[in-house]
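J.: Chains as they are written, first to last, in this note's numbering: chain A, 1 to 195; chain B, 1001 to 1195.
Idealized CB from N, CA, C, for every residue including glycine.
Note that the structure is predicted; figures quoted are calculated from it, not measured.
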DNA sequence: TTTTAGCTTGAGCAATCGCTCAAAATCAAC
DNA sequence: GTTGATTTTGAGCGATTGCTCAAGCTAAAA
């Protein structure tokens, strides 16, 4: 059975994901990637097919990771909304200086790929849609738990959450406004409850 | 005094701005630009110095244009909030299919330039800050006119507006959700008045 | 009409891009 | 130890990148 692959696909994809998230697809060269994941072109292209293929896998992994992170916050919280609140604070405040970017990689992707028929544009839409479904399920729970009244549907709450969360992350992608984050996140969740 | 320049700087910058806005800085090649603005490399580099120089001028022009557009809506409206409301609806709904991108060029720029010391990153921050000052002045007016109570400062209203507006534009940068735009914009302005 | 300062042109440079593939290295099976 | 299927390596290909500059062109000044 000959030789075995020497790299761990998971950790390689994670490293690539970090670099793509930070620099974007077009600004990341294959040589940047080679260094970041410590693989030579031949191995990369045999494993992922193309730069696009590696990016594709990276973005999917990013979505999974984000869901896993939310799950982790939910399991340590007394309610869905408290879990989401802790997650949002963690992303915007605590990981501000150690994250590849303040802006969600899905949002960056959706912003970068303009050509409506391109593979990566479609991918970014699909991942965003998938995440919206996930969020909707969470708000369904929140409604069933009585945390929220049902003046809005779960999907509408999910949409509102996404707009607020993306808006805030974009706003805090700059230096010297960190002290504003906490109150604005507080305001966001007050609004959700009062909708 | 020898020969005269044959291009109109304003319209050239506007054309470049459209292309940069659509494709982003890194995905736009100088040959794309040559075709779009109908100039040869020598002329471009003598007039703008570099691709970065042309982008820089394009982004500044974009900010000016956006302000001018808001001014135009304000002069046709009975109040600041009505003017802003019409502007937001125009940007998100009416120009959805004829605009280079659903996402604000300033936001795209802020998302694309990751390296904290790069010129274009600094530029995107400065332009965003400048726009926030402008918005704050508008909300100052709105407060003075009695359109808003002063439970928040003008700056806080401006921040809230930016978060909502960017969040919404990001959300509507995808097909088949157009019918949601109107009610969500309505909701945004209801929230502003109730803050 | 001639001069000449300055704009325009576009061939093409050096660097970098995404990617290929023949050769070397590796390790399970025998 | 030998074999042989499979992975890893990295020199380097053709294409494209941002950009330069000598030559040509244009029009105001003389």
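(1) Of all Cβ atoms in chain B, is any one closer than 9 Å to the Cβ of residue 178(A)?
(2) So, is residue 127(A) buried or exposed, given that buried needs 16 or more other C-beta atoms within 10 angstroms?
(3) Mapping DSSP to helix, strand and coil, what is residue 9(A)?
(4) Would residue 5(A) be called buried (16 or more neighbouring beta carbons within 10 Å of its own) or exposed?
(5) Verify the CB distance criterion: does residue 1018(B) have a CB-CB separation below 9 Å to chain A?
(6) Using three-state DSSP, classify residue 116(A) as helix, strand or coil.
(7) For residue 61(A), name the three-state secondary structure that DSSP assigns.
(8) Please state whether the Cβ-Cβ distance between residue 1091(B) and residue 1099(B) is less than 9 Å.
(9) Looking at the secondary structure, which residues open and close the alpha helix (DSSP H) in which residue 30(A) lies?
(10) Can you list the beta strand (DSSP E) stretches of 3 or more residues lying completely in the stretch 1041-1112 of chain B, in chain order?
(11) Output, in chain order, the set of chain A residues within a Cβ distance shorter than 7 Å of residue 1107(B).
(12) Who are the Cβ neighbours of residue 67(A) in its own chain at under 7 Å, not counting the five residues just before and after it?
(13) Determine the direct distance from the alpha carbon of residue 1125(B) to that of residue 1152(B), and round the result to whole angstroms.
(14) Keeping to the same chain, check which residues put their C-beta closer than 8 Å to that of residue 239(A); ignore five residues upstream and five downstream.
(15) Would the stretch 103-121 of chain A and the stretch 1115-1125 of chain B be scored as touching if the rule is three or more Cβ pairs under 8 Å?
(16) Report yes or no: is there a C-beta of chain B within less than 9 Å of the C-beta of residue 125(A)?
(17) Pick from 7(A), 10(A) and 24(A): whose alpha carbon is nearest that of residue 113(A)?
(18) Taking residue 1181(B) as the reference, give the member of 1093(B), 1130(B), 1108(B) and 1154(B) with the closest Cα.
(19) In terms of alpha-carbon separation, which member of 84(A), 195(A) and 37(A) lies closest to residue 8(A)?
(20) Thinking C-beta only, is residue 155(A) closer than 9 Å to residue 132(A)?
(21) When we look at the beta-carbon of residue 1173(B) and count the other beta-carbons within 10 Å, is it buried (16 or more) or exposed?
(22) Quick check: residue 1108(B) and residue 1021(B), are their CB atoms within less than 9 Å of each other?
(23) Find out if the Cβ-Cβ distance for the pair residue 1184(B), residue 1165(B) is shorter than 9 Å.
(24) Which runs of the alpha helix (DSSP H) fall wholly inside the stretch 1156-1181 of chain B and span at least 4 residues, in chain order?
T.: With the given structure in hand:
(1) For this step, residue 178(A) is matched to residue 178 along the first chain. So no, residue 178(A) is outside the interface.
(2) Here residue 127(A) refers to the residue found at position 127 when the first chain is read from its first residue. Label assigned to residue 127(A): buried.
(3) Within the first chain, residue 9(A) is the residue found at index 9, counting from 1. Three-state DSSP puts residue 9(A) in a helix.
(4) Here residue 5(A) is taken as the residue at index 5 of the first chain, counted from 1. By the neighbour-count rule (16 or more Cβ atoms within 10 Å), residue 5(A) is not buried but exposed.
(5) As a first step, residue 1018(B) is located in the second chain; it is residue number 18 there, counting from the start. Cβ-Cβ to chain A under 9 Å: no for residue 1018(B).
(6) The sequence position of residue 116(A) within the first chain is 116, counting from 1. DSSP places residue 116(A) in coil when its eight states are reduced to three.
(7) Start at 1 with the first residue of the first chain, and residue 61(A) comes out as number 61. Here residue 61(A) sits in helix by DSSP.
(8) The residue labelled residue 1091(B) in the question sits at position 91 within the second chain. The residue labelled residue 1099(B) in the question sits at position 99 within the second chain. In this structure, residue 1099(B) lies closer than 9 Å to residue 1091(B) by Cβ.
(9) By one-based count along the first chain, residue 30(A) stands at place 30. 30-37 is the extent of the alpha helix (DSSP H) around residue 30(A).
(10) none
(11) Here residue 1107(B) refers to the residue found at position 107 of the second chain. What residue 1107(B) touches in chain A: 170.
(12) In the first chain, counting from the first residue as 1, residue 67(A) sits at position 67. Cβ within range, chain order: 134.
(13) As a first step, residue 1152(B) must be located in the second chain, where it is residue number 152. As a first step, residue 1125(B) must be located in the second chain, where it is residue number 125. Going from the Cα of residue 1152(B) to the Cα of residue 1125(B) covers about 24 Å.
(14) Residue 239(A) is absent from the structure shown; chain A starts at 1 and stops at 195.
(15) no
(16) On the first chain, position 125 is the one that residue 125(A) refers to. Closer than 9 Å: yes.
(17) The count along the first chain starts at 1 and reaches residue 113(A) at position 113. It is 24(A).
(18) Against the second chain, residue 1181(B) aligns to sequence position 181. Of the candidates 1093(B), 1130(B), 1108(B) and 1154(B), the one whose C-alpha sits nearest the C-alpha of residue 1181(B) is 1093(B).
(19) On the first chain, position 8 is the one that residue 8(A) refers to. Looking at the Cα atoms, 37(A) is the closest of the given residues.
(20) The residue labelled residue 132(A) in the question sits at position 132 within the first chain. The residue labelled residue 155(A) in the question sits at position 155 within the first chain. Cβ atoms of residue 132(A) and residue 155(A): closer than 9 Å.
(21) The residue you call residue 1173(B) lines up with position 173 of the second chain. Classification for residue 1173(B): buried.
(22) Taking the second chain and counting its residues from 1, one reaches residue 1108(B) at position 108. Taking the second chain and counting its residues from 1, one reaches residue 1021(B) at position 21. The answer is yes: Cβ separation under 9 Å.
(23) In the second chain, the residue the question calls residue 1184(B) occupies position 184. In the second chain, the residue the question calls residue 1165(B) occupies position 165. No.
(24) none
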